[in-house]
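Read in order, the letters of the sequence shown are residues 5 to 255 in this note's numbering. For every residue, glycine included, the Cβ atom is placed at its ideal position computed from N, Cα and C. Here the structure is a predicted model, which means the values were calculated and not measured. Before any comments, here is the structure.
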Amino acid sequence: AVPHLARAQAFPARPVRVVVNFPPGGRLDILARLLAALLQAALKRPFSVENVTGAAGAIGAAAVARAPADGHTLLMTIDAPFTSSVALNPKTAPNLDDFTPVMTMGQTGLALAVHPSLGVRTLAEFVEAGRKSPITFSTAGIGSPGHFAALMLAEATNIQATSVAYRGNAPAITALLSGEVQAGFLGIPGLMPHIQGGKLQGLMVAGQQSPLLPQLPTTASAGYPALAMASYFVTMEPAKTSEPVVATLQA
Numbered sequence: 005a006v007p008h009l010a011r012a013q014a015f016p017a018r019p020v021r022v023v024v025n026f027p028p029g030g031r032l033d034i035l036a037r038l039l040a041a042l043l044q045a046a047l048k049r050p051f052s053v054e055n056v057t058g059a060a061g062a063i064g065a066a067a068v069a070r071a072p073a074d075g076h077t078l079l080m081t082i083d084a085p086f087t088s089s090v091a092l093n094p095k096t097a098p099n100l101d102d103f104t105p106v107m108t109m110g111q112t113g114l115a116l117a118v119h120p121s122l123g124v125r126t127l128a129e130f131v132e133a134g135r136k137s138p139i140t141f142s143t144a145g146i147g148s149p150g151h152f153a154a155l156m157l158a159e160a161t162n163i164q165a166t167s168v169a170y171r172g173n174a175p176a177i178t179a180l181l182s183g184e185v186q187a188g189f190l191g192i193p194g195l196m197p198h199i200q201g202g203k204l205q206g207l208m209v210a211g212q213q214s215p216l217l218p219q220l221p222t223t224a225s226a227g228y229p230a231l232a233m234a235s236y237f238v239t240m241e242p243a244k245t246s247e248p249v250v251a252t253l254q255a
């Protein structure tokens with residue numbers, strides 16, 4: 005126990021690298037930078053955020069899995085690389101056994117939004133349009149929550165959907181705003197200002213009613229209860245990181 009105690013007292017011994025596996029400007033990136041600033045103030049060492057993107061979060065996750073298990077490399081990610089990506093990208097998805105979970109930072113819901121050029125204002129109109137011709141969906145990458153939700157929606161409603169993968173939630177929303185794609189099942193915080201500003205038409209939220217977009221119906225009230233979905237924000241360390249180091253971070 006004495007050597008373990010000594011290790012806990014020494015952590016962090018140098019600056020800590022915080023890997024965010026999606027691009028700057030998205031909900032995960034903003035949350036990670038806020039938390040990194042709080043950790044830096046509490047532990048008196050620099051916590052520097054680095055965006056390592058690609059493959060729906062798998063590239064950044066792999067970089068952390070290869071890092072020394074001494075607590076000085078953190079992964080801040082959504083849950084998708086360990087959940088939906090495992091189903092859609094089993095060969096490239098990260099292995100949960102390569103990580104030590106530290107904490108859940110929070111969660112957010114998803115909303116379905118469309119570009120005004122699609123000419124629909126309700127879910128019923130959206131489904132009717134999607135049955136007549138394919139609708140392009142903006143996603144934050146193959147295996148991301150929005151990709152998974154788009155596939156589930158297509159299956160539940162029998163619409164024709166074509167998913168277009170971007171490197172994260174922020175570029176996926178940018179593509180939707182420009183009209184490069186027609187629809188997106190994406191994170192509510194990123195969509196909210198554009199729906200409220202009239203640049204995008206919101207259709208429904210996946211799961212519980214959102215206090216951020218209370219005007220939108222839920223998937224259950226729209227007749228699709230199986231489409232309930234949330235996205236979790238989690239922090240991971242490399243596997244075999246010592247319990248005292250993890251406990252320090254959790255505290």
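Where the alpha helix (DSSP H) through residue i begins and ends
| i | result |
| --- | --- |
| Asn55 | Premise fails: Asn55 lies in the beta strand (DSSP E), 51-55, not in any alpha helix (DSSP H). |
| Pro234 | The question names Pro, yet the displayed sequence has Ala at residue 234. Element bounds for Ala234: not the alpha helix (DSSP H) but the beta strand (DSSP E), 234-242. |
| Ala230 | Here Ala230 belongs to no alpha helix (DSSP H), and DSSP marks it neither H nor E. |
| Val168 | No alpha helix (DSSP H) holds Val168; the beta strand (DSSP E) holding it covers 165-169. |
| Leu127 | 127-136 |
| Ile199 | 192-200 |
| Ile34 | 31-47 |
| Phe152 | 149-161 |
Range covered by the beta strand (DSSP E) that runs through residue i
| i | result |
| --- | --- |
| Glu184 | Run containing Glu184: none; DSSP gives neither H nor E here. |
| Ile139 | 139-143 |
Same chain, Cβ closer than 7 Å to residue i, five either side skipped, listed in chain order
| i | result |
| --- | --- |
| Asp83 | Ser235, Tyr236, Val238 |
| Ala69 | Pro98, Asp102, Phe103, Pro242 |
| Ser52 | Pro19, Arg21, Val22 |
| Thr178 | none |
| Ala4 | Since the first residue of the chain shown is 5 and the last is 255, residue 4 is not available in this structure. |
Per DSSP, cross-strand counterpart(s) of residue i
| i | result |
| --- | --- |
| Val118 | Ala187, Gln205 |
| Met80 | Val24, Thr239 |
| Pro105 | Met240 |
| Thr178 | Answer is none; Thr178 lacks a bridge partner. |
| Gly110 | Phe237 |
| Ala210 | Leu114 |
| Thr252 | Per DSSP, none; premise fails for Thr252. |
Same chain, Cβ closer than 6 Å to residue i, neighbours up to 5 away in sequence not counted
| i | result |
| --- | --- |
| Ala59 | Thr96 |
| Ile139 | Ala165, Gln186, Ala187 |
| Phe15 | Gly75, Val249, Thr252 |
| Gly29 | Ala174 |
| Ala46 | none |
| Leu121 | Before going further, note that residue 121 is Ser rather than Leu in the sequence given. Here the set comprises Gly183. |
Exposure label - residue i; buried when at least 16 CB within 10 Å
| i | result |
| --- | --- |
| Met208 | buried |
| Met80 | buried |
| Met240 | buried |
| Leu42 | exposed |
| Val223 | The question names Val, yet the displayed sequence has Thr at residue 223. Buried: at least 16 other Cβ atoms inside 10 Å. |
| Asn25 | buried |
| Gln205 | buried |
| Thr108 | exposed |
| Ser167 | buried |
| Leu38 | exposed |
Own chain partners of residue i with C-beta closer than 8 Å, once the 5 adjacent residues on each side are dropped
| i | result |
| --- | --- |
| Asn93 | Ala59, Ala60, Ala62, Ile146, Gly147 |
| Ile192 | Thr112, Gly113, Leu114, Ala115, Val209, Ser214, Leu216, Leu217 |
| Arg11 | Interpretation of Arg11 is limited by its pLDDT of 47, a score under 50 that renders its predicted location unreliable; no figure is taken from the coordinates. |
| Thr126 | Leu207 |
| Leu157 | Leu116, Ile163, Ala165, Phe189, Tyr228, Leu231 |
| Gln254 | Val106, Met107 |
| Ala266 | Past the edges of the chain, shown from 5 to 255, lies residue 266, and the structure says nothing about it. |
| Phe152 | Ala84, Ser88, Ala91, Leu92, Met233 |
Distance between residue j and residue i (C-alpha atoms, nearest Å)
| i | j | result |
| --- | --- | --- |
| Phe141 | Leu180 | 8 Å |
| Pro106 | Glu129 | First, the amino acid is wrong: residue 106 is Val here, not Pro. Answer to the nearest angstrom: the Cα atoms are 44 Å apart. |
| Pro149 | Ala133 | 23 Å |
| Val124 | Val131 | 9 Å |
| Ile199 | Lys48 | 40 Å |
| Thr161 | Ala17 | 54 Å |
| Lys136 | Glu159 | 15 Å |
| Gly258 | Gly110 | In this structure the chain extends from 5 to 255, so residue 258 is not present and cannot be described. |
Min CB distance residue i to chain C below 9 Å
| i | result |
| --- | --- |
| Gln200 | Among the chains of the structure shown, chain C does not appear; only one protein chain is present. |
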